[in-house]
Amino acid sequence: MSGAWKTLTWLDLNGSLWGIRDWQRKLEALPDRSEDAILDALEALGVPETARLQYLALHLAALPGWAAFIKWRAEQQGYSWQETYPASLVKYLSIRLFYERELVRQVCREELGIEGTFETIRSHMESHPLAYHLRQERVAGRLPGHWSRRVDRLRNRWPKHGIEAWEALASRYLTDSADWHRRAAVRSAAWRLVALAKVLGIALAELLNSPPTDLKTLLDWLDAFPETQHGPRWLEAFEVGYQESLFAQVARRVGKLGALAQEVPGEEVRPQAQAVFCIDVRSEPLRRHLEAIGDYETFGFAGFFICFVRYRALGSHHDTDQYPVIMKARNLVREIPRSYHGDMLSRHRTGARLFRAGHALLHDLKEHVITPYVMVESLGWFYCLPFVGKTLFPVWYRKLSGWFKRIVAPPVSTTLTVDKLSKSEAEEMVASEQRAVIRLALRERVGLHGSQVSPELVEALRRRALNGQESAGSFMNESGRLADLSAEEATAFIEDLRRHYQIDQRWASVQKERITRTGFTLDEQVFTVETALRMMGLTRNFARLVLLCAHGSTSDNNPFEAALDCGACGGNEGKPNARLLVAMANKPQVRERLAKNGIQIPPDTHFVSGQIDTSTDEAQLFDLEDIPPTHRKDLARLTEDLREAGRLTSQERCARLPEVTAALPPRQAMSHVRRRSADWSQVRPEWGLSGNTAFIIARRQVTKRLNLEGRTFLHSYDYLEDPSSRLLEVIMTAPQVVTQWINMEHYFSTVDNDVYGSGSKIYHNVVGRIGVMSGMQSDLRTGLAWQTVMNGEVPYHEPMRLLTLIEAPRVRIEALIHRHEVLQRFYHNGWVHLVAVERGEGALYRYLPTGEWRRVAGD
993 MSGAWKTLTW LDLNGSLWGI RDWQRKLEAL PDRSEDAILD ALEALGVPET
1043 ARLQYLALHL AALPGWAAFI KWRAEQQGYS WQETYPASLV KYLSIRLFYE
1093 RELVRQVCRE ELGIEGTFET IRSHMESHPL AYHLRQERVA GRLPGHWSRR
1143 VDRLRNRWPK HGIEAWEALA SRYLTDSADW HRRAAVRSAA WRLVALAKVL
1193 GIALAELLNS PPTDLKTLLD WLDAFPETQH GPRWLEAFEV GYQESLFAQV
1243 ARRVGKLGAL AQEVPGEEVR PQAQAVFCID VRSEPLRRHL EAIGDYETFG
1293 FAGFFICFVR YRALGSHHDT DQYPVIMKAR NLVREIPRSY HGDMLSRHRT
1343 GARLFRAGHA LLHDLKEHVI TPYVMVESLG WFYCLPFVGK TLFPVWYRKL
1393 SGWFKRIVAP PVSTTLTVDK LSKSEAEEMV ASEQRAVIRL ALRERVGLHG
1443 SQVSPELVEA LRRRALNGQE SAGSFMNESG RLADLSAEEA TAFIEDLRRH
1493 YQIDQRWASV QKERITRTGF TLDEQVFTVE TALRMMGLTR NFARLVLLCA
1543 HGSTSDNNPF EAALDCGACG GNEGKPNARL LVAMANKPQV RERLAKNGIQ
1593 IPPDTHFVSG QIDTSTDEAQ LFDLEDIPPT HRKDLARLTE DLREAGRLTS
1643 QERCARLPEV TAALPPRQAM SHVRRRSADW SQVRPEWGLS GNTAFIIARR
1693 QVTKRLNLEG RTFLHSYDYL EDPSSRLLEV IMTAPQVVTQ WINMEHYFST
1743 VDNDVYGSGS KIYHNVVGRI GVMSGMQSDL RTGLAWQTVM NGEVPYHEPM
1793 RLLTLIEAPR VRIEALIHRH EVLQRFYHNG WVHLVAVERG EGALYRYLPT
1843 GEWRRVAGD
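The sequence shown begins at 993 in my numbering and counts up one residue at a time.
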């Protein structure tokens, strides 16, 4: 059994309060192995071997949120919390079954007067079916209110009544309910006939004058189409209504493109700039407005920009996974300060340490058992400032707090570790970090600092710590006395370096291995850039500026903030991925290799990285110091046009927000969304991906100038650039899988938010910094919050299955479906609708679950 649970439970009095006899003795008697505890409980409960699998599955399904989290955690390799405090479903089940065994025994003894085993309970139910039926109806919530109260009174009466009282009450209920069910059936039949008459336009008087046989025929027709089949039919009709409208728009657009293709092609015009956005549905309005403002060419691509990396930001102590959860990272990337920011870096780190220390102090004070009572009196005024600021002046408070952070910890210009280091460079980097740690240890343990610490002394200490065989005497002879320490004290200090500061061969090897995984080789960089450009169809006619625009989200007091960030980046913002691909694409060595592979990037083309805040529609560009002076004018125009496109996007989004009742001009709309983003009481800073319906894999020309209302994922793709269909295969088996997950997450959270969603944010409490639960105790809530998919009591997200529309020959698509089981599950089982756009015909074809194609639109 779990040692931590047994320790905590020993101090917990709940078992005794629940009436479990010999509570502590039974805890002591539990076996050490969780597997043995499960088997003991199953034997004690008398669960037959044939029913055990189903029985354990019911236990896991009782709290699916916690069970799923425990399963996920047990499967994570290298997860520090799991390594320190291992958890597994076996341990979880052993704990549940311990309580089940004891409580079943107690309840059966007190309520039924029998032993709490499978056979005795089943025998009791078979011997007293009426009482069992009454109890079952009460637990299921199917009893009328007055009968529920009768059952509760009988159950809670003391002393307990025997089975005869339950049988008598159940008999009276059956007699009473028979008449009640008969009247309810008559009312239901009448209501169904009236509803049918209204739909068919039949007058109620005519219905009343109809003979009973005709009415029975109508009811038989309705019974032949039971309610269990109503949902699928309504869903199909709901989806078809949207799909036919989209098909008509796309077909008209494809027809125009076909007519233009017949004309004599002119010289290809170089666009003002090119911008690559994430396929996220929120990018669609921004792309549309940016294209309307100027001569911009936009592309859609998965927001991780095919950079499978683990990323560590400057000053961070942990990595983030910047890739879809179905993938694995091969490379590490770190954010490091630029070489000319040495002095500023020192101020930044000092300020960051102050912020961390203050945060840790306040956290420790709040978490302590006693100090919160003192804090209310002594620090209440301090908390009053952010409380008033965040509540009444959220935008100004955010600006003021940002200004204060910049003063205390000035921002530092950074770059990324793009290039992979050689073995000698990695060894020198490890040695440099070790020397810095040794200087810290000398200051903390011995009191030496500054000029008192020579490079020779540091190096001698480092070598001594790494070489455990060298004697203390030889070290003292080599480096002289270490302050006033004796040889024994010096040896103890070196041992301290090994134990507490990790200056040893093992940790050095770990650091070296990690550093050698940092960055990309030249071959990896060329492959990454080439694959990205070919997948998005950007292989010629490059503009002077090519923007790779990631996205993130900013909100306050929002446990669901990650759901508003980039799903392709593992729920993180995509800024590191955009910066990384830009750094690769701007390297002359990479471009030389790309030219040999058929992608000629002009010398005056410069890639630039940026990010859109989807909560405020504001764009931020990065690494501007790398942009040549010749492109400053282009950059200024791009920046201004992004700002204007953001305002127009805010205006469009505000029209869909429930609190906005009148149309707002662009500038006022942007001010409104900024306030929502900064307001810590706002349960809906933005709609996020709610409303998503379709995933379009095609050239931008197919959807250009179409108002898709921010409901479609747009992935750029030109099958003429992909003769082997290799790139389409990647898109269909990776980005499409992610979009289908997103679509289903929103679908199920809408159709049954209590079961598949997480309920209202108003009742949420963050638990363990891993998720939320409702109120003071509940299951770990999964899915999306009520406010994410619902507008009051009306669904904002229209629950439809994903429609994937691909501009490619049907024969290519069909070949990929036959090759991948995941695609067969999507299309053959009705989880995803698939439509092919035949460019040559100008027609759209739907893929049926039978594997056939049916024409749905086009000439």
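Glycine is no exception: its CB is placed at the ideal position from the N, C-alpha and C atoms.
None of the values given here were measured: they were computed from a predicted structure.
Please specify which runs of the alpha helix (DSSP H), each continuous and at least 4 residues long, are wholly inside the segment 1378-1457, giving them in chain order. 1386-1400 and 1415-1433
My parser needs the beta strand (DSSP E) runs of 3 or more residues fully inside the segment 1763-1805; what are they? 1763-1766 and 1794-1799
If contacts are defined as beta-carbon pairs under 8 Å, then P1677 and N1550 qualify, I think. What distance do you get, rounded to the angstrom? Here residue 1677 refers to the residue found at position 685 when the sequence shown is read from its first residue. Here residue 1550 refers to the residue found at position 558 when the sequence shown is read from its first residue. Indeed, because the Cβ distance is near 6 Å, the residues count as touching under 8 Å.
Counting Cβ pairs, one atom from each stretch, are 3 or more of them under 8 Å apart for the segment 1683-1691 and the segment 1787-1801? yes
Contacting residues, own chain, Cβ-Cβ under 8 Å from G1784 (five flanking each side not counted): Working through the sequence shown from its first residue, we reach residue 1784 at position 792. The residues are P1650.
How big is the Cα-Cα spacing for P1078 and A1066? Sequence index remark: in the sequence shown, residue 1078 carries index 86 (1-based). Sequence index remark: in the sequence shown, residue 1066 carries index 74 (1-based). Cα-Cα distance, rounded: 7 Å.
Going along the chain, which residues of its own chain have a beta-carbon closer than 7 Å to the beta-carbon of P1224, five neighbours each way excluded? Here residue 1224 is taken as the residue at index 232 of the sequence shown, counted from 1. No residues qualify anywhere along the chain.
Which residues mark the beginning and the end of the alpha helix (DSSP H) in which Y1124 is found? The residue given as residue 1124 occupies position 132 in the sequence shown. Taken as a continuous stretch (DSSP letters only), the alpha helix (DSSP H) holding Y1124 covers P1121 to A1132.
Enumerate, from N- to C-terminal direction, the unbroken alpha helix (DSSP H) stretches of 4 or more residues contained entirely within the segment 1509-1595. 1514-1528, 1567-1577 and 1580-1588
Member of I1298, F1297, C1299 and Q1314 whose CA lies at the smallest distance from the CA of A1305: On the sequence shown, residue 1305 is found 313 positions in, with the first residue counted as 1. Ranking the options by Cα distance to A1305, first place goes to Q1314.
So if DSSP puts H1756 in a beta bridge, which residue, or which two residues, is it bridged to? Position 764 of the sequence shown holds residue 1756. Per DSSP, S1766.
Give a yes or no on contact between the segment 1265-1273 and the segment 1497-1507, applying the rule of three or more CB pairs nearer than 8 Å. no
Could you check which residue in A1229, S1072 and A1284 has the C-alpha nearest to that of D1633? Your numbering for residue 1633 matches position 641 in the sequence shown. If we check each option's Cα against that of D1633, A1284 comes out closest.
Only counting the same chain, and skipping five residues up and downstream in sequence, which positions put a Cβ closer than 6 Å to that of A1059? Translated into the one-based positions of the sequence shown, residue 1059 becomes position 67. The beta carbon of A1059 lies closer than 6 Å to those of L1052 in the same chain, with the five residues before and after it left out.
For the alpha helix (DSSP H) containing R1164, list its first residue and its last residue. Within the sequence shown, residue 1164 is the residue found at index 172, counting from 1. I1155 to L1192 is the extent of the alpha helix (DSSP H) around R1164.
Which runs of the alpha helix (DSSP H) at least 4 residues long sit entirely within the segment 1027-1109? Give them in chain order. Counting whole runs of 4 or more residues, the segment 1027-1109 contains the alpha helix (DSSP H) stretches 1041-1054, 1056-1067, 1072-1076 and 1081-1099.
When you compare only the Cα positions, how much space is there between G1465 and A1479? Stepping through the sequence shown from its first residue, residue 1465 is reached at position 473. Stepping through the sequence shown from its first residue, residue 1479 is reached at position 487. Bear in mind that a pLDDT of 49 at G1465, under 50, signals an unreliable position, so the model cannot answer this.
Measure the C-alpha to C-alpha separation of S1463 and E1417 and round it to an integer number of angstroms. On the sequence shown, residue 1463 is found 471 positions in, with the first residue counted as 1. On the sequence shown, residue 1417 is found 425 positions in, with the first residue counted as 1. Interpretation of S1463 is limited by its pLDDT of 48, a score under 50 that renders its predicted location unreliable; the figure taken from the coordinates is listed afterwards. Roughly 30 Å separates the two Cα atoms.
According to the Cβ coordinates, are S1741 and G1775 closer than 7 Å? Numbered from its first residue, the sequence shown carries residue 1741 at position 749. Numbered from its first residue, the sequence shown carries residue 1775 at position 783. A contact, by the Cβ cut-off of 7 Å.
Cutting at 6 Å between CB atoms, please list the residues of its own chain near R1322, excluding the five before and the five after it. As a working note, residue 1322 is residue 330 in the sequence shown. So the qualifying residues of the chain are F1300.
Take the Cβ of D1168 as the centre, count every other Cβ of all protein chains shown within 10 Å, and call the residue buried at 16 or more, exposed below. In the sequence shown, counting from the first residue as 1, residue 1168 sits at position 176. Answer is exposed; the Cβ neighbour count stays below 16.
V1521 burial status per 10 Å Cβ neighbour count (16 or more: buried): On the sequence shown, residue 1521 is found 529 positions in, with the first residue counted as 1. Buried is the call here.
Alpha carbon to alpha carbon, how far is L1413 from W1022? Give it in angstroms, no decimals. The residue given as residue 1022 occupies position 30 in the sequence shown. The residue given as residue 1413 occupies position 421 in the sequence shown. In the sequence on display, residue 1022 carries Leu and not Trp. Approximately 53 Å, taken between the alpha carbons.
Assign F1374 to one of two classes, buried (16 or more other C-beta atoms within 10 Å of its C-beta) or exposed (fewer than that). Residue 1374 sits at position 382 when you count from the first residue of the sequence shown. Its Cβ having fewer than 16 others within 10 Å, F1374 is exposed.
V1730 in three-state terms, based on DSSP: As a working mapping, residue 1730 is identified with position 738 in the sequence shown. Residue state, collapsed to three classes: helix.
Taking C-beta to C-beta, are G1011 and Q1069 nearer than 7 Å? Here residue 1011 corresponds to residue number 19 of the sequence shown, with the count starting at 1. Here residue 1069 corresponds to residue number 77 of the sequence shown, with the count starting at 1. Contact check for G1011 against Q1069 fails: the beta carbons are separated by 7 Å or more.
Using the C-alpha atoms, what's the distance from S1716 back to G1529? The residue labelled residue 1529 in the question sits at position 537 within the sequence shown. The residue labelled residue 1716 in the question sits at position 724 within the sequence shown. So the two alpha carbons sit approximately 14 Å from each other.
Which of the three DSSP states is assigned to A1647 in this structure? For the purposes of this step, residue 1647 is taken as residue 655 along the sequence shown, with counting starting at 1. Of the three classes helix, strand and coil, the one that applies to A1647 here is coil, per DSSP.
E1470 - DSSP class collapsed to helix/strand/coil: As a first step, residue 1470 must be located in the sequence shown, where it is residue number 478. Any reading at E1470 must be qualified, since the residue scores a pLDDT of 45, below 50, and its modelled position is unreliable; the value itself is stated next. In this structure, E1470 counts as helix in the three-state DSSP scheme.
Between L1795 and E1721, is the Cβ-Cβ spacing less than 7 Å? The count along the sequence shown starts at 1 and reaches residue 1795 at position 803. The count along the sequence shown starts at 1 and reaches residue 1721 at position 729. No, Cβ-Cβ distance for L1795 and E1721 is not below 7 Å.
Identify the continuous beta strand (DSSP E) that holds N1323 and give its terminal residues. Here residue 1323 corresponds to residue number 331 of the sequence shown, with the count starting at 1. N1323 to P1329 is the extent of the beta strand (DSSP E) around N1323.
Near D1771, what residues of its chain come up, given a Cβ to Cβ distance below 8 Å and the 5 sequence neighbours on each side ignored? As a first step, residue 1771 must be located in the sequence shown, where it is residue number 779. Setting aside the 5 residues that flank it on each side, D1771 is surrounded in the same chain by L1055, P1056, G1057, W1058 and M1765, each with a C-beta closer than 8 Å to its C-beta; the list follows chain order.
In three-state DSSP terms, what is Y1711? Along the sequence shown, one-based indexing puts residue 1711 at 719. Correct three-state label for Y1711: helix.
Can you tell me where the alpha helix (DSSP H) with I1723 in it begins and where it stops? If you number the sequence shown from 1, residue 1723 lands on position 731. Here the alpha helix (DSSP H) through I1723 covers R1718 to T1725.
For S1471, I'd like the list of residues in its chain whose CB is within less than 6 Å of its CB, leaving aside the five on either flank, ordered along the chain. Your numbering for residue 1471 matches position 479 in the sequence shown. Only weak support is given to the placement of S1471: the predicted model assigns it a pLDDT of 48, under 50, and the value that follows is read from those uncertain coordinates. Excluding residues within five positions, the ones whose Cβ falls inside 6 Å are L1449 and A1452.
Are three or more beta carbon pairs between the segment 1533-1541 and the segment 1589-1605 nearer than 8 Å? yes
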